[in-house]
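Okay, so here's the structure we're looking at.
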């Protein structure tokens, strides 16, 4: 049996917006190469959870232990300095945003977007940077000839692929995805999901995918968290949870699932 | 007191405040130090930052040179020089070698400066990242966390679109291997002079209320990529007055047909070159 | 051989002489008196007092005379003069509740204790050119504008809303020393004391444009403010010398004050309340005080968790660009020689064009 490294350990993660509960008492572990899905309808707290995990907001309570260095114990991201956290956000993980405007610089070329992440790694050679960008565009099946074009003019699917290339270029341990197929038509969705699957298996990258679309999580994820009103109501292996839901809310969700 | 004004116009408390800021700036080369800038009798954007710096360091035994576009007799340089003559009654000069303080707009003198000189630059926009990030709160973080990828992305973009970096003035530099600094709108031709300069370099931005400094013998490197190294401008022509082929040249249109001549931008350098 | 053009010094001297000549008083042969400016062009004098940030009507009038009527130039002159003045004390906060009122109105209630006092305002004049002013009008001997009777009580309108719990509370007391924009550079995120100071001396036109944009739709949703109260009149300036141990009045200044009532906030659990905006200026600058109160409310958008979508809500946009001394300096600096930087651009553009044109020819 292959011993997998634990890269994320979340304990009692809680966040309040003033008096209102964003998410409450969330705990789970994630191992290298695993894909975790977080599902729930809007208002379930999944967006709040995502923002806390990815470092966009500081949670009110709880721990987010992340593996920065395999030879060291996990470190609580809630306790490290903002400078360190920002450095980790640029390298160790990334978020594919639902709205590409939030994840890309639309008026910087495709190559420039990827370059930003690579340059953080201290590469000072223009040609090397450009070649790496081309490599990653290739891996995510983007047309390499579009390297100097602005993502402002790309299709939704291309923008998502560019976000993925950008993040993967720093060899992160973890990729977050927020509604990765939202706003894309069905065939584009299918192609994108295929691409994601291949990359993940090849690179052994872990992923956390937030989605309200059960078909997507069924296709992509190994494990699942079901959220309602800020709490996790059910969790486990994706196939088990979707085929044999225990909680009434999960049963409600699955009863309306479309077969892919 | 001279004609109802304190020596060099500013009151001593203000000068002290500015000097403290200058000392702080020298300790953190290239870092923009905020200071409580005052309204001056010359307009914002016309050199009030440089004037406040000069006014705070100038003494009765100093000799002041003021240049604009490299020349001593451009209108604004004269206006500023006259201001100091009025409120300080100190010696002024056009000779780069004789000056102890040189206040400049948009050029570094061609003649190499020495340890007992101070170069005061007039700076309109002290923040090199401003065009990439309009918010002050965000640029302060970028400098603090040394997050400068965005600046390199800009250079990458220019090379991918134009084949080379197209910034010709205010070309950003890395000071003391730490802070990215705006050298003020001097032509990139002048950037190499900043590296390990023997004189103290002080930068005053009055309207934006920032002072920064580069102490003598400090590393100043223009940003570039290894395979697209930084290059200065060159001319095919020589100066029409003194024949120089290694100084920055101004283009002058001499007749209706649009014929051109080129002359040294640094008037004092040109004059001396002609004499030898 | 090219001979360099010299003579910058002479050119400057001539230009200043020409400016002086422009101030010729041939037709009347009468030099304008400072007192005439203060009496007959009082709004101009008050604007320069407010934006010059120095309460001295004589000096304001003098700068207007020196600037030959260019008010932005006059404001610059007064501000520069202010730099040379020594600060020897701080006043006690002025109390606008005990203002000797020349004007006091409210749009939120038809009638209020103390009444609506219109005072001297252009509001109800018809804007028809009065040609009788060409040859000088006969003025009556009655000079002084009637002011409020000391025996009448003028409670603040906002207090009524306050007492009923309908109005968000104003800050009771600052937690630390107030910010001083004349001594320290701006800091962001800006605190309220910082931005109210900046706005009080900002360019009237810029503030007017911004507040207009907000109420037309470029403001947080549903911006429709109501004038809670406008006041114009005299307040006492008092200082508290430690040696005496009590306050003494050192003079009187005119101020204009405006309090705006804006839409209410609230949620399912928090009871809704009206929000407020405040504006205060030196002198009679009512339009500006109103604009400031609208902007004050808009700058609180972030605090209220409202989406920041428009320029008026953006602290850095508003506060960096509202001072006309800074703005006019930087805009007009474009007139200064820039030929060295331009030379760089000329060289570059020629090179780039050469490359592309050559490539096109080869194709």
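Residue numbers (the working numbering), protein chains in the order written: chain A, 142 to 401; chain B, 69 to 344; chain C, 925 to 1287.
Positions of the beta carbon are idealized from the N, C-alpha and C atoms, including for glycine.
Being a predicted model, the structure only gives us computed values, none of them experimental.
**Asked** If we call anything under 8 Å between Cβ atoms a contact, is residue 315/A one with residue 233/A?
**Response** Cβ atoms of residue 315/A and residue 233/A: closer than 8 Å.
**Message:** Closest to residue 1196/C by C-alpha separation, out of 1060/C, 1089/C, 1215/C, would be which residue?
**Reply:** Ranked by Cα distance from residue 1196/C, the options 1060/C, 1089/C, 1215/C are led by 1089/C.
**Request:** Decide if residue 1016/C is buried, meaning its Cβ has at least 16 other Cβ atoms within 10 Å, or exposed.
**Result:** With fewer than 16 Cβ atoms within 10 Å of its Cβ, residue 1016/C is classed as exposed.
**Prompt:** Relative to the alpha-carbon of residue 284/B, which residue among 299/B, 291/B, 264/B has its alpha-carbon at the smallest distance?
**Reply:** Per the C-alpha coordinates, the member of 299/B, 291/B, 264/B positioned closest to residue 284/B is 264/B.
**Asked** Is any beta-carbon of chain B found at less than 8 Å from that of residue 1155/C?
**Response** For residue 1155/C, the nearest beta carbon of chain B is not closer than 8 Å to its own beta carbon.
**Message:** For residue 190/B, report the span of its beta strand (DSSP E) as first-last.
**Reply:** Where residue 190/B is concerned, the enclosing beta strand (DSSP E) stretches over 186-190.
**Item:** Contact set for residue 1283/C: own chain, Cβ-Cβ below 7 Å, skip 5 residues either direction
**Value:** Within the same chain, residue 1283/C has no close Cβ partners at all.
**Request:** Quick one: list the residues of chain A neighbouring residue 295/B, beta-carbon separation under 7 Å, in chain order.
**Result:** Proximity of chain A to residue 295/B at the Cβ level (cut-off 7 Å) is accounted for by 266, 267, 268, in chain order.
**Prompt:** Residues in the segment 282-293 of chain A with C-beta within 7 Å of chain B's C-beta atoms, listed in sequence order?
**Reply:** Contact annotation: in the segment 282-293 of chain A, residues whose CB is within less than 7 Å of a CB in chain B are 289.
**Prompt:** Taking any Cβ of chain B, which residues in the segment 246-260 of chain A have a Cβ under 9 Å from it, in chain order?
**Reply:** Within the segment 246-260 of chain A, the qualifying residues are 246, 249, 250, 252, 253, 254, 256, 257, 258, 259, 260.
**Message:** Just to confirm the assignment: which complete beta strand (DSSP E) runs, minimum length 3, are found wholly within the segment 990-1074 of chain C?
**Reply:** The segment 990-1074 of chain C contains these whole beta strand (DSSP E) runs: 1024-1029.
**Request:** Quick one: grab the DSSP three-state call for residue 306/A.
**Result:** For residue 306/A, the three-state secondary structure derived from DSSP is helix.
**Chain-ordered chain A contacts of residue 221/B [CB-CB under 7 Å]** = Correct list: 249, 253, 256, 257, 260.
**Item:** Under 8 Å (Cβ pairs) to chain B, residues found in the segment 1260-1282 of chain C
**Value:** Cβ contacts with chain B come from 1260, 1261, 1262, 1263, 1264, 1265, 1267, 1268, 1269, 1270, 1271, 1272, 1276, 1279.
**Request:** Take the Cβ of residue 142/A as the centre, count every other Cβ of all protein chains shown within 10 Å, and call the residue buried at 16 or more, exposed below.
**Result:** Bear in mind that a pLDDT of 49 at residue 142/A, under 50, signals an unreliable position, so the number given afterwards is only what the model happens to contain. Counting C-beta atoms within 10 angstroms of its own C-beta, residue 142/A has fewer than 16 neighbours from the protein chains shown and is therefore classed as exposed.
**contact_flag[the segment 216-234 of chain B, the segment 267-286 of chain B] where n(CB pairs < 8 Å) is 3 or more** = Too few Cβ pairs lie closer than 8 Å, so no.
**Item:** 6 Å Cβ shell around residue 338/B - same chain, five flanking residues per side excluded
**Value:** Cβ within range, chain order: 309, 310, 332.
**Validate contact between the segment 200-214 of chain A and the segment 372-391 of chain A using beta carbons, cut 8 Å, 3 pairs** = No, the segment 200-214 of chain A does not touch the segment 372-391 of chain A.
**Request:** Could you check what DSSP says for residue 208/A in three-state terms: helix, strand or coil?
**Result:** If DSSP states are grouped into helix, strand and coil, residue 208/A belongs with coil.
**Asked** Can you find a heavy atom of the ligand MG that lies under 7 Å from the Cβ of residue 307/A?
**Response** What this structure holds is no ligand at all, so the ligand MG is not there to describe.
**Request:** Give the DSSP-derived three-state secondary structure of residue 351/A in the structure shown.
**Result:** Shown here, residue 351/A sits in a strand according to DSSP, grouped into three states.
**Proximity test, Cβ basis, 8 Å: residue 930/C and chain B** = With 8 Å as the cut-off, residue 930/C counts as an interface residue toward chain B.
**Contacting residues, own chain, Cβ-Cβ under 8 Å from residue 1287/C (five flanking each side not counted)** = Closer than 8 Å at the Cβ level, and outside the excluded window around residue 1287/C, lies no residue.
**Item:** Nearest-angstrom Cα separation, counted from residue 355/A out to residue 375/A
**Value:** Pairing residue 375/A with residue 355/A, the inter-Cα distance amounts to about 14 Å.
**Item:** Supposed contact pair residue 266/A and residue 293/B - C-beta distance, whole angstroms, cut 8 Å
**Value:** Their Cβ separation, rounded to whole angstroms, is 6 Å, which keeps residue 293/B and residue 266/A in contact under 8 Å.
**Item:** Cβ of residue 1121/C within 8 Å of any chain B Cβ
**Value:** Answer no: the Cβ-Cβ gap between residue 1121/C and chain B never drops below 8 Å.
**Message:** Please list, in chain order, the chain A residues whose beta carbon lies closer than 7 Å to that of residue 227/B.
**Reply:** Taking a Cβ-Cβ cut-off of 7 Å, the neighbours of residue 227/B in chain A comprise 267, given in sequence order.
**Request:** Using three-state DSSP, classify residue 303/B as helix, strand or coil.
**Result:** Coil.
**Prompt:** Which residue from 1259/C, 1168/C, 1131/C, 1140/C puts its Cα closest to that of residue 1241/C?
**Reply:** Selected option, being the one with the closest Cα: 1131/C.
**Item:** Beta-carbon proximity check, residue 1207/C vs residue 1184/C, cutoff 8 Å
**Value:** No, these two residues do not count as a Cβ contact at 8 Å.
**Asked** Are the Cβ atoms of residue 143/B and residue 935/C separated by less than 8 Å?
**Response** Yes; because the gap between Cβ atoms is below 8 Å, this pair is in contact.
**Item:** Partner residues on chain C for residue 204/B, Cβ-Cβ distance less than 7 Å
**Value:** Simply 1112, 1240.
**Request:** Compare the C-beta of residue 1254/C against all C-beta atoms of chain B and say whether one is closer than 8 Å.
**Result:** Residue contact with chain B for residue 1254/C: present (Cβ-Cβ distance below 8 Å to some residue of chain B).
**Request:** Please report how far the alpha carbon of residue 402/A lies from the alpha carbon of residue 158/A, in whole angstroms.
**Result:** Since the first residue of chain A shown is 142 and the last is 401, residue 402/A is not available in this structure.
**Message:** Only counting the same chain, and skipping five residues up and downstream in sequence, which positions put a Cβ closer than 6 Å to that of residue 119/B?
**Reply:** The answer, listed in chain order, is 108.
**Request:** Identify the contact partners of residue 409/B in chain A, using a Cβ-Cβ distance below 8 Å as the criterion.
**Result:** What the structure shows of chain B is the stretch from 69 to 344, and residue 409/B is not part of that stretch, so it cannot be assessed.
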